[in-house]
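Trainee:
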Amino acid sequence: MHFLYILCFAVGMLLISACDGTKKTVENQNYPTQSEYPKNIILMIGDGMGLAQVTAAIYSSKKRLSLEEFEIIGFHKSHAFDNLKTDSAAGATAFACGKKTFNGALGMDSDTIACKSILEEAEDRGLATGLVATAPITHATPAAFYAHQPLRILFENIAADLLETEIDFFVGGGQRYFDYREYDERDLVKELREKNYSVSSFLNSELTGLKMNPEKNFAYFSANADPLPVAQGRTYLPYASKMAPKFLKKRSDKGFFLMVEGSQIDWAGHANEGRSLISEMLDFDKAITEVLEFAKQDGETLIIVTADHETGGLAINPGSKMRKLKLEFTTNDHTCTMIPVFAFGPQSELFGGIYDNTEIYYKMMQAFQFVGKESRASLSSGKG
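Residue numbers for the sequence shown follow the working numbering, beginning at 3 and rising by one.
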């Protein structure tokens, strides 16, 4: 017993020493002290990213993922209003508006009444706003933050909804829904320029070759329809994730809201393509690296990393080895499993525990101090 006591004490001291060493490493990097409340919130959505996808990325990477630096971890229940399985439209609407809705609906509650998103709440208060996606910017996840449509497939209506906002920065595919429209003769790219946007696209420039003028809103179309997978040469997500916070910080001294989506994790899950899934996950983590470095240096930025749902029912089977995983899928559809939530920065402690996906909206509202603790409770219960 005496030996066991000494052994436990020694192990405990080693753990304390390891923790102290980690803290000293962070302190030695001369990062500023974190503020009590964030001026900026960056919501990062790995579409289709469940716990198995995160594990597969960790076990496939030659180095520690940036996602592993997040110390606050929770889980959200992803179900839609009337279905245990959610789609990206209903899942992202829950994050954006705090409302459970039916699958396919964007920015609307279950009664098809438009609900104001966190992006629109931020705009109303003078904050800068931005969206980045590796899907069309009219796709379900980014669209839920600015559009109000009963069906996610109404891409031209969704594109028109974007012009009803004052989004400062957006990067994504789907240019065809803006300037090669089938149902009307509007040229939304021209209208964006008339609204003081600097608009560029993959047709005339790489994103990395552009200089941004903070006096103008910024729009970049990365594809006419769907952007390429990262395995086929897409490179812009980490770079866009690096440039967006810096640009938005210049746009408003009140702060900003930014949503970044790793869209094609979901697409790889639907296709049951394990290699593509891992490459998309590692690319998404590179984007997290850029955002995390900004937040560490800024000291006033809250980062939330989560997913709308899991896709593929991924399993890492026996016989797997580090960087040689045996991946199997149980479905080519979404599953109903709970989804991890990772948080870093001021008010990150709000995101621990288990809660509905709608709570992410209310927690962001509280972190931004758009509502107080008391009113958040009434809003969450539907009384506000």
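C-beta atoms are modelled at their ideal positions from N, C-alpha and C, and glycine is treated no differently.
1. Note down, one range per segment and in chain order, each beta strand (DSSP E) of at least 3 residues found wholly within the segment 317–359.
2. Specify, as a first and last residue, the run of the alpha helix (DSSP H) that Ser278 falls within.
3. Quick check: Gly175 and Ala94, are their CB atoms within less than 7 Å of each other?
4. Are the CB atoms of Lys87 and His336 within a distance shorter than 7 Å?
5. Would you check if the distance between the CB atom of Arg154 and the CB atom of Ala91 is smaller than 7 Å?
6. Would you report the Cα separation of Glu208 and Gln177, rounded to the nearest angstrom?
7. Tell me which residues share the same chain as Ala107 and place their Cβ nearer than 8 Å to its Cβ, disregarding the 5 neighbours each side in the sequence.
8. Under a three-way DSSP split, which group does Gln234 fall into?
9. Using 10 angstroms around the beta-carbon of Glu351, count the other beta-carbons present and answer buried if the total reaches 16, otherwise exposed.
10. For the beta strand (DSSP E) holding Ala135, just list the boundary residues, first then last.
11. Please report the straight-line C-alpha distance between Ala146 and Ile267, rounded to a whole angstrom.
12. How big is the Cα-Cα spacing for Asp285 and Glu361?
13. Starting from Val373, follow the beta strand (DSSP E) in both directions and report where the run begins and ends.
14. From Met283 to Pro342, what distance separates their C-alpha atoms?
15. What did DSSP end up calling Tyr241 once you bin it into helix, strand or coil?
16. Below 8 Å on the Cβ atoms is my contact criterion, and I expect Lys244 with Glu292 to pass it. Report the Cβ-Cβ distance as a whole number of Å.
17. Taking just the CA atoms, how far does Asp310 sit from Ser102?
18. If you follow the beta strand (DSSP E) that Tyr185 is part of, which residue opens it and which one closes it?
19. Cβ of Asn42 within 7 Å of Cβ of Thr303?
20. Nearest to Phe77 by alpha carbon, out of Leu250, Ile306, Phe220?
21. If you drop the 5 nearest sequence neighbours on each side, which residues of the same chain put their C-beta closer than 6 Å to that of Met366?
22. How far does the beta strand (DSSP E) with Asn219 in it reach, from first residue to last?
23. Roughly how many angstroms separate the alpha carbons of Val129 and Ala317, rounded to a whole number?
24. Residues in the same chain with beta-carbon distance under 6 Å from Ser203, minus the five sequence neighbours each way, listed in chain order, please.
25. Can you look up Glu29 in the DSSP assignment and give me helix, strand or coil?
26. Answer yes or no: do Ile47 and Glu263 have a C-beta to C-beta separation smaller than 7 Å?
27. What residue does the alpha helix (DSSP H) around Gly93 start on, and which one ends it?
28. How about Ala161 and Tyr182: do their beta carbons lie closer than 7 Å?
29. In its own chain, which residues sit with a C-beta less than 7 Å from the C-beta of Ser400, not counting the 5 before and 5 after it?
30. Using the Cβ count rule (16 or more neighbours within 10 Å means buried), how would you classify Glu38?
31. In whole angstroms, give me the CA-to-CA distance for Gln349 and Ser278.
32. Ignore the nearest five residues each way along the sequence and tell me which others in Val191's own chain have a CB closer than 6 Å to its CB.
33. Name the DSSP beta bridge partners of Gly264, please?
34. Is Leu69 closer than 7 Å to Ile290 when the C-beta atoms are compared?
35. Between Glu330 and the rest of its own chain, which residues show a CB-CB distance below 6 Å, the 5 nearest in sequence each way excluded?
36. Ordered along the chain, which non-local residues of its own chain (more than five positions away) have a Cβ less than 8 Å from that of Met214?
Mentor: So, from the listed chains and residues:
1. 329–331, 341–346, 355–358
2. 276–300
3. no
4. yes
5. yes
6. 15 Å
7. Ala91, Ala92, Thr95, Thr114, Gln151, Pro152, Leu153, Arg154
8. helix
9. exposed
10. 130–138
11. 18 Å
12. 27 Å
13. Note, Val373: premise wrong, no beta strand (DSSP E); not H, not E.
14. 14 Å
15. helix
16. 4 Å
17. Checking the displayed sequence, the identity of residue 102 turns out to be Lys instead of Ser. Taking the straight line joining both Cα atoms gives about 12 Å.
18. From DSSP, Tyr185 is part of no beta strand (DSSP E); its letter is neither H nor E.
19. yes
20. Ile306
21. Ile43, Ile120
22. 219–223
23. With the sequence shown as reference, residue 129 is identified as Leu, and Val is not the correct amino acid for it. Answer to the nearest angstrom: the Cα atoms are 41 Å apart.
24. Gln177, Phe223
25. Low confidence applies to Glu29: its pLDDT is 42, below 50, so where it sits in the model is not reliable, and the reading given next is rough at best. Residue state, collapsed to three classes: helix.
26. yes
27. 90–99
28. no
29. The shown model of the chain, from 3 to 386, leaves out residue 400, and the question about it has no answer.
30. exposed
31. 34 Å
32. Phe180, Asp181, Val201
33. Gly48
34. yes
35. Ala317, Asn319
36. Ser200, Phe220, Met245, Phe249
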